[in-house]
Amino acid sequence: MADRRDPVTALGTAVLEKNWKVSHTLPATGLYPHQWSWDSGFIAMGLRHISPRRAGQEIDALFAGQWADGRIPQIVFDPHRDQDYSPGASFWQSRSIEASPDDVETTGLIQPPNHAWAVWKIHQSDPEESNRRGFLARAYPKLVAWHRYLATKRDRGGNGLAAIVHPWESGTDNSPLWDDALAFLPSTARHPFERPDLLHADSSERPSDREYGKYFWLAERYRDHHCDDADADYPFLVEDPLFNALHAVSELALARIAGELGLDASSHLERATEIEGALEQLWDDELGCYVARDVPTGRLIRKATINGLVPLLIPGLARAGTVLDTLKGPRFLGSGAVLVPSYDATADDMQPGLYWRGPAWFNMSWLMAIAANEAGDRETGAALSRSLQDLAVQHNFPEYVNPWTGQPHGTRAFSWTAALAIDAASPAGLSLL
Ligand code: 2M8
Numbered sequence: 115m116a117d118r119r120d121p122v123t124a125l126g127t128a129v130l131e132k133n134w135k136v137s138h139t140l141p142a143t144g145l146y147p148h149q150w151s152w153d154s155g156f157i158a159m160g161l162r163h164i165s166p167r168r169a170g171q172e173i174d175a176l177f178a179g180q181w182a183d184g185r186i187p188q189i190v191f192d193p194h195r196d197q198d199y200s201p202g203a204s205f206w207q208s209r210s211i212e213a214s215p216d217d218v219e220t221t222g223l224i225q226p227p228n229h230a231w232a233v234w235k236i237h238q239s240d241p242e243e244s245n246r247r248g249f250l251a252r253a254y255p256k257l258v259a260w261h262r263y264l265a266t267k268r269d270r271g272g273n274g275l276a277a278i279v280h281p282w283e284s285g286t287d288n289s290p291l292w293d294d295a296l297a298f299l300p301s302t303a304r305h306p307f308e309r310p311d312l313l314h315a316d317s318s319e320r321p322s323d324r325e326y327g328k329y330f331w332l333a334e335r336y337r338d339h340h341c342d343d344a345d346a347d348y349p350f351l352v353e354d355p356l357f358n359a360l361h362a363v364s365e366l367a368l369a370r371i372a373g374e375l376g377l378d379a380s381s382h383l384e385r386a387t388e389i390e391g392a393l394e395q396l397w398d399d400e401l402g403c404y405v406a407r408d409v410p411t412g413r414l415i416r417k418a419t420i421n422g423l424v425p426l427l428i429p430g431l432a433r434a435g436t437v438l439d440t441l442k443g444p445r446f447l448g449s450g451a452v453l454v455p456s457y458d459a460t461a462d463d464m465q466p467g468l469y470w471r472g473p474a475w476f477n478m479s480w481l482m483a484i485a486a487n488e489a490g491d492r493e494t495g496a497a498l499s500r501s502l503q504d505l506a507v508q509h510n511f512p513e514y515v516n517p518w519t520g521q522p523h524g525t526r527a528f529s530w531t532a533a534l535a536i537d538a539a540s541p542a543g544l545s546l547l
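First residue of the sequence shown: 115, per the numbering used here; consecutive thereafter.
This is how it looks when you write it as structure tokens:
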């Protein structure tokens, strides 16, 4: 358990308590008033040090939104706050789609699969409590169905990697990685859209209206095809190294879970190895990192982003040495950054205050701290851990920061910043499996 007298833990816990809503944690009470999928995974990985039971509830609440086809939705909506976030439940109309749950409303999109990893970490925090509640036995089939959805319906390129169908699914919404695939899409959605997000964050720190127009257009297209992945001419299909690396790590976690339940873990280990092998298709030798791939054209999107470093989390990754060098090189930490920039520091269009086009995000530096430790570079892991804890507390747990000055941006009292700072401060924290 975490030491609650430690200031990072005490202040972080206060944020998580403030953002707790009945059964789950809001990413931020103003800007993000619903439950988000991968936020809950990250939040649970910190919450487990304070209350493993609550961390389990967080994931159970998310499972309540799972669809019959296995997908875990990007957002589970609070029906009372439809006006406060756009697009909300009234846009998605999920109940009109047969595969969606009857009792909660959700989006049809997904987010990166960090959930099996979170479930395993929650169990490890208090195995007795977890066993008493049958937590692993309950979670396992749901996680298997989720991963099956990714391996089947989302392998749109037929090459062993899951494709995302919308920038929101990447979690790195306006990353320069998606620019090319979005370029030829209309930026005019059929229905006029609101921007309640701009009430809570400066417009210079959020995606533009033009980008939002494209996001809405694409979401309408997916929704209007009943969120069915068999839409043959669907115009945005991209393979993202971050998404697939978290999938591989979550398969390794599923193997641990299966083992704990006395089940055969071999299929999960094989799947993790297959994903690691398939990631080779996204390797870019010149940039020294993984990049994204546009499925319809088969072209690599050759930009160095934080997404391309996340495979370093995979234990024993053959490319680990090169990726670590890139992390410490001029495009990222070697630029003098205190936390890992989300985009190549040497790129002309790097914007250190603009959302996923440059700023450093706490979840990414947390992942990189674990990855650096795993790769044997404890010095880099410790430096990232120290910076992320210091900046989190100094600026009231901001959503993201300027990677060089640490100047805060976005919303404050942001849940995953608080949760991951708590994890970094905990003696059992910053560990992979
Ligand atoms: C951001 O994305 C949402 C859409 O999902 C938004 O901009 O409204 C991203 O940072 C994403 O990674 C995160 O899960 C979400 C909630 O914190 O906010």
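Ideal placement from N, C-alpha and C gives every residue a C-beta, glycine not left out.
Nearest-angstrom Cα distance between residue i and residue j?
{"i": "Ala303", "j": "Pro310", "result": "17 Å"}
{"i": "Glu394", "j": "Asp120", "result": "42 Å"}
{"i": "Gly391", "j": "His305", "result": "42 Å"}
{"i": "Pro215", "j": "Glu388", "result": "31 Å"}
{"i": "Thr519", "j": "Ala451", "result": "8 Å"}
{"i": "Trp282", "j": "Ala496", "result": "31 Å"}
{"i": "Gln521", "j": "Val515", "result": "5 Å"}
{"i": "Val364", "j": "Ala230", "result": "Checking the sequence shown, residue 364 turns out to be Ser, not Val. Whole-angstrom Cα-Cα distance: 5 Å."}
{"i": "Phe177", "j": "Lys256", "result": "7 Å"}
{"i": "Ile186", "j": "Trp260", "result": "6 Å"}
{"i": "Lys442", "j": "Arg168", "result": "36 Å"}
{"i": "Thr220", "j": "Lys267", "result": "19 Å"}
{"i": "Pro512", "j": "Ser380", "result": "41 Å"}
{"i": "Leu438", "j": "Val218", "result": "42 Å"}
{"i": "Gly222", "j": "Gly285", "result": "15 Å"}
{"i": "Gly490", "j": "Arg247", "result": "36 Å"}
{"i": "Ile157", "j": "Arg324", "result": "31 Å"}
{"i": "Thr143", "j": "Glu488", "result": "34 Å"}
{"i": "Gln465", "j": "Phe446", "result": "13 Å"}
{"i": "Ala253", "j": "Tyr263", "result": "16 Å"}
{"i": "Thr525", "j": "Asp378", "result": "44 Å"}
{"i": "Asp196", "j": "Asn477", "result": "27 Å"}
{"i": "Val352", "j": "Pro425", "result": "17 Å"}
{"i": "Leu366", "j": "Glu212", "result": "32 Å"}
{"i": "Gly327", "j": "Gly467", "result": "21 Å"}
Which residues does DSSP pair with residue i in a beta bridge?
{"i": "Arg407", "result": "Glu353, Leu414"}
{"i": "Tyr457", "result": "Thr419"}
{"i": "His523", "result": "Tyr514"}
{"i": "Val190", "result": "Gln149, Thr220"}
{"i": "His138", "result": "Lys135"}
{"i": "Ile278", "result": "Val352"}
{"i": "Ala362", "result": "Paired residue(s): none; Ala362 is not in a bridge."}
{"i": "Trp63", "result": "The requested residue 63 does not occur in the structure, where the chain is confined to residues 115 to 547."}
{"i": "Trp475", "result": "Tyr514"}
Taking the beta carbon of residue i as the centre, do at least 16 other beta carbons fall within 10 Å, making it buried, or is it exposed?
{"i": "Pro147", "result": "buried"}
{"i": "Arg370", "result": "buried"}
{"i": "Ser317", "result": "exposed"}
{"i": "Leu313", "result": "exposed"}
{"i": "Gly160", "result": "buried"}
{"i": "Glu400", "result": "exposed"}
{"i": "Phe298", "result": "exposed"}
{"i": "Ser154", "result": "buried"}
{"i": "His361", "result": "buried"}
{"i": "Ala277", "result": "buried"}
{"i": "Gln171", "result": "buried"}
{"i": "Thr460", "result": "exposed"}
{"i": "Gly271", "result": "buried"}
{"i": "Leu375", "result": "exposed"}
{"i": "Gln180", "result": "buried"}
{"i": "Glu384", "result": "exposed"}
{"i": "Gly193", "result": "The residue asked about is misnamed: residue 193 is Pro in this sequence, not Gly. Result: exposed."}
{"i": "Pro444", "result": "exposed"}
{"i": "Thr440", "result": "buried"}
{"i": "Gln207", "result": "exposed"}
{"i": "Pro462", "result": "It is worth fixing the name first, because residue 462 is Asp in this sequence and not Pro. Result: exposed."}
{"i": "Ala542", "result": "exposed"}
{"i": "Thr411", "result": "exposed"}
query: Touching or not, the stretch 347-362 and the stretch 521-540, by the rule of three or more beta carbon pairs under 8 Å?
result: no
message: For the pair the stretch 449-464 and the stretch 412-430, tell me if three or more CB-CB distances fall below 8 Å.
response: yes
- request: Spell out a yes or no on whether the stretch 532-547 and the stretch 161-174 are touching, meaning 3 or more CB-CB pairs, one atom from each, closer than 8 Å.
  value: yes
query: Using 8 Å as the threshold, is the stretch 327-341 in touch with the stretch 393-408, meaning 3 or more CB pairs across them?
result: no
query: Using 8 Å as the Cβ pair cut-off and three pairs as the minimum, do the stretch 350-360 and the stretch 218-228 touch?
result: yes
task: Please determine if the stretch 430-446 and the stretch 468-475 are in contact, where contact requires at least 3 C-beta pairs separated by less than 8 Å.
output: no
query: Is the stretch 370-383 close to the stretch 230-241, with three or more CB pairs under 8 Å?
result: yes
query: Quick check: the stretch 500-510 against the stretch 115-130, are there 3 or more CB pairs under 8 Å?
result: yes
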